[in-house]
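> Structure in structure tokens, see below.
Right, dumping it as structure tokens:
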């Protein structure tokens, strides 16, 4: 390539970037609970109510495989 790198003349931190950062923070928050608190806090899978999020996942996979 014969072009040289040059800085952009636009701001990086636009409202859309802040929206994406908020989605990232939301994901990091739930990843923390997933990895450090286990599946119970994220999917509601526990001995008292053993289905939780699994039912939706199972139905979606069953429909896709049918």
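In my numbering, the protein residues as written are 60 to 125. Yeah, the Cβ is synthetic: ideal placement off N, Cα and C, and Gly gets one too.
#1: Going by the CB atoms, is the gap between residue 104 and residue 126 shorter than 9 Å?
#2: DSSP three-state call for residue 62: helix, strand or coil?
#3: Under three-state DSSP, which class holds residue 106?
#4: According to DSSP, is residue 124 part of a helix, a strand, or is it coil?
With the given structure in hand:
#1: Because the chain in this structure spans residues 60 to 125, residue 126 falls outside the shown range and cannot be described.
#2: Three-state DSSP puts residue 62 in coil, outside helix and strand.
#3: Here residue 106 sits in coil by DSSP.
#4: Shown here, residue 124 sits in a helix according to DSSP, grouped into three states.
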